[in-house]
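Trainee: Everything in the sequence shown is counted per UniProt numbering, starting at 1 for the first residue and increasing by one.
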Amino acid sequence: MEDAFIVSAVRTPVGKRNGSLSQFRADDLLGLVLREVVQRVGVDAAEVEDVIGGTVTQVGEQGFTLARMGVLAAGFPDDIPGVSINRQCGSSLTALNFAAAQIVAGWRDCVIACGCELMSKYAIAAEWYNLTLSNGQPAGMPLGPAYFSRTGGKYVDQGQAAELIAQKWGISKEEMDGFAVRSHQRAQRAHTEGRFAREILPVKFKGPDGQEKVLDKDETVRPETSMEALSGLKTVFGTKIVTAGNSSPISDGSSAVLLMSGRKARELGVTPRARVVANAVAGADPVLMLTGPIPATAKVLKKAGLSFNDIDEVEINEAFSPIPLAWGREYNPDWEKVNPNGGAIALGHPVGNSGCRLTVTCLHELERTGGRYGLVTLCTGGGMAPATIIERV
Ligand SMILES: CC(C)(COP(=O)(O)OP(=O)(O)OC[C@H]1O[C@@H](n2cnc3c(N)ncnc32)[C@H](O)[C@@H]1OP(=O)(O)O)[C@@H](O)C(=O)NCCC(=O)NCCS
Numbered sequence: 001m002e003d004a005f006i007v008s009a010v011r012t013p014v015g016k017r018n019g020s021l022s023q024f025r026a027d028d029l030l031g032l033v034l035r036e037v038v039q040r041v042g043v044d045a046a047e048v049e050d051v052i053g054g055t056v057t058q059v060g061e062q063g064f065t066l067a068r069m070g071v072l073a074a075g076f077p078d079d080i081p082g083v084s085i086n087r088q089c090g091s092s093l094t095a096l097n098f099a100a101a102q103i104v105a106g107w108r109d110c111v112i113a114c115g116c117e118l119m120s121k122y123a124i125a126a127e128w129y130n131l132t133l134s135n136g137q138p139a140g141m142p143l144g145p146a147y148f149s150r151t152g153g154k155y156v157d158q159g160q161a162a163e164l165i166a167q168k169w170g171i172s173k174e175e176m177d178g179f180a181v182r183s184h185q186r187a188q189r190a191h192t193e194g195r196f197a198r199e200i201l202p203v204k205f206k207g208p209d210g211q212e213k214v215l216d217k218d219e220t221v222r223p224e225t226s227m228e229a230l231s232g233l234k235t236v237f238g239t240k241i242v243t244a245g246n247s248s249p250i251s252d253g254s255s256a257v258l259l260m261s262g263r264k265a266r267e268l269g270v271t272p273r274a275r276v277v278a279n280a281v282a283g284a285d286p287v288l289m290l291t292g293p294i295p296a297t298a299k300v301l302k303k304a305g306l307s308f309n310d311i312d313e314v315e316i317n318e319a320f321s322p323i324p325l326a327w328g329r330e331y332n333p334d335w336e337k338v339n340p341n342g343g344a345i346a347l348g349h350p351v352g353n354s355g356c357r358l359t360v361t362c363l364h365e366l367e368r369t370g371g372r373y374g375l376v377t378l379c380t381g382g383g384m385a386p387a388t389i390i391e392r393v
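#1: If we count the other Cβ atoms within 10 Å of its Cβ and call it buried at 16 or more, is arginine 108 buried or exposed?
#2: Given a cut-off of 8 Å, decide if glycine 15 and glycine 253 are closer than it, judged by their beta-carbon atoms.
#3: Mark alanine 74 as exposed unless 16 or more other C-beta atoms lie within 10 angstroms of its C-beta, in which case mark it buried.
#4: Considering only the beta carbon of each residue, do isoleucine 171 and alanine 326 sit closer than 8 Å?
#5: Please find out if some non-hydrogen atom of ligand 1 comes closer than 7 Å to the beta-carbon of glutamine 158.
#6: Say yes only if the C-beta of isoleucine 124 is nearer than 7 Å to one or more non-hydrogen atoms of ligand 1, and no if none qualify.
#7: Can you tell which of Gly374, Ala298, Ala274 and Phe205 has its C-alpha closest to the C-alpha of valine 12?
#8: Just to confirm, are leucine 358 and arginine 273 a CB contact at a threshold of 8 Å?
#9: Check aspartate 78 in the structure and name its three-state DSSP category.
#10: Is there contact between the segment 295 to 314 and the segment 127 to 136, where contact requires at least three CB pairs shorter than 8 Å?
#11: What would DSSP say about methionine 69, mapped onto helix, strand or coil?
#12: Cα separation between alanine 319 and glycine 328?
#13: At a cut-off of 7 Å, would you count proline 249 as near ligand 3, judging by its Cβ distance to the nearest heavy atom?
#14: Does the beta carbon of threonine 225 fall short of 7 Å from some heavy atom of ligand 1?
#15: Which residues in the same chain have their Cβ closer than 6 Å to the Cβ of isoleucine 323, if we skip the five residues on either side of it in sequence?
#16: Is there contact here, the segment 181 to 189 with the segment 220 to 234, by at least three beta-carbon pairs under 8 Å?
#17: If you reduce the DSSP assignment to three classes, tell me which class methionine 227 lands in.
#18: So glycine 262 is in the alpha helix (DSSP H); what residue range does that whole segment cover?
#19: What are the boundary residues of the beta strand (DSSP E) that valine 51 is part of?
#20: With a 10 Å radius around its C-beta and 16 neighbouring C-beta atoms as the bar for buried, classify lysine 121 as buried or exposed.
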C-alpha cells in the first residue's frame, strides 16, 4: 500500500451572497485554484491523472462535469480528465477521500481533489426545484416514499433539523448565539494576524464601477457580531431558535488539494506536507440529518487507530451552531482546538466547496501550530458525514 500525501493546498477567500465572487463563472473560479495548486509546487499539470471535484448543485455552469470544465479553464492539457461528485455538503471532502483511496490502492499517483460552489447563483435544490421534463410534466422530487417512510411522512429541512438537534442535546439559543459570536471573533483574529495568508489565493474581480479589485479576505466575517445583535434577529426555517446569526450564510468559493503517492513526490522532488491517515463516512438519522459527524468521528478514529485526545486540531463544519455543539456534547473537546480560526458561521459554507476548504485550513493551522493530527468532518443533507484524519509530516 502507498501513502497518500497532501503536497499543495489552496483556496479562494469565501465570497458573501451576491458579493465579489458572485459574478464569476464556476469553471473560471475553479480553474484559478486548480492552476494555483500545481504552480505553487512547480508541478507540471500534465502529471495530474484526475481531478475529482465536489459540487452540490450541478446545474447551469456547475453542471456537465464542472471538474472537467475547470481543468479546461485552468489551461491544463486536453488529456487531463475530471469528475464531479455530490455528497451534499460533504462533496469535496469525499472527493479528497476518493483521491486518497486511489493513491493508497496504487492506481493513481497524482490527483487533485477540489470543490466549487457559487450559491449566489445556484440556490440549494435549484437542480430539481421547478424543473420540468421535456414533455412539460414536473420532473419529480428526489425525496420519495422511501424517504418519507423514514421521516414519519414529513420533510424536515436543514434549519429545522438544527433545531431538533438543539432540543435533543439540550442546547439553548444563548449557547448557539455565543458559539456564533466566537466563530466571528476567531475568524476576525485569523484575518488580523494573517493566519489565512498562505492558504488564500487573492482573487481579482471587476467591481460594480468596472474597476479591477482584489478579494484577499473572507467576505462573510462580521467582526461586530454581538450577543445583543444576534438576540434581536428574526428566526428562520419556521423554527424558534435558528436565525441568520447562528446559521452559515449563503456564500461562494473554491478550493483545491494536490495529493501524491510518496514515490511520485520523490520522483518530482516535491515535499509532502501531510499524510492522509484515514477516512470514513457515516450515515445518520434522516430526520435529525446533521448528526453524522458524531458517528463519523468515531469511525475515522478507529480506522486511524487513534484516540480523540491524539487529535491536535478539529475542523468541524458549522452548518448551524447546534451541529458542532451536539458533537461537542459527545466528545467533550478542548474547544481551543476546534475551529480555532472560526468556522462556517463566520467563514461561509459554499456547500460543495467546504470539505476541501476545511482541509486546506486544517493543514495550514497544523503547520502554524506544529500540531500533528487534524480531523475534518462535515454534516450533510440526507443524513451523512465524511471524516478525514491528516498527519502533518
Ligand atoms: C439562514 C438564512 C436563511 C438567512 O438568510 P438571509 O435572511 O438572506 O440572511 P442575511 O444575511 O440577509 O441576514 C438576515 C439579517 O440578519 C442579519 N445578520 C446576519 N448575521 C448577523 C450577525 N452575525 N450579526 C448581526 N446581524 C446579522 C443581517 O444583517 C440581516 O439583517 P437585515 O435583515 O436587517 O438586513 C441563510 O443564510 C441560509 O439559508 N443559511 C443556511 C444555508 C444552508 O442550509 N446550508 C446548508 C447547511 S446543511
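Idealized CB from N, CA, C, for every residue including glycine.
Here the structure is a predicted model, which is why all the values come from computation and not from measurement.
Mentor: Reading from the atomic positions:
#1: buried
#2: yes
#3: buried
#4: yes
#5: yes
#6: yes
#7: According to the sequence as given, residue 12 is threonine; it is not valine. Checking every option, the nearest Cα to that of threonine 12 belongs to Phe205.
#8: no
#9: coil
#10: The segment 295 to 314, when compared against the segment 127 to 136, does not touch it at the 8 Å Cβ threshold.
#11: Under the three-state reduction of DSSP, methionine 69 is assigned to helix.
#12: 14 Å
#13: Among the ligands present in this structure, namely ligand 1, ligand 3 is not found.
#14: Flag set: Cβ of threonine 225 near ligand 1.
#15: Leu290 and Cys379
#16: yes
#17: helix
#18: 262 to 268
#19: 50 to 54
#20: buried
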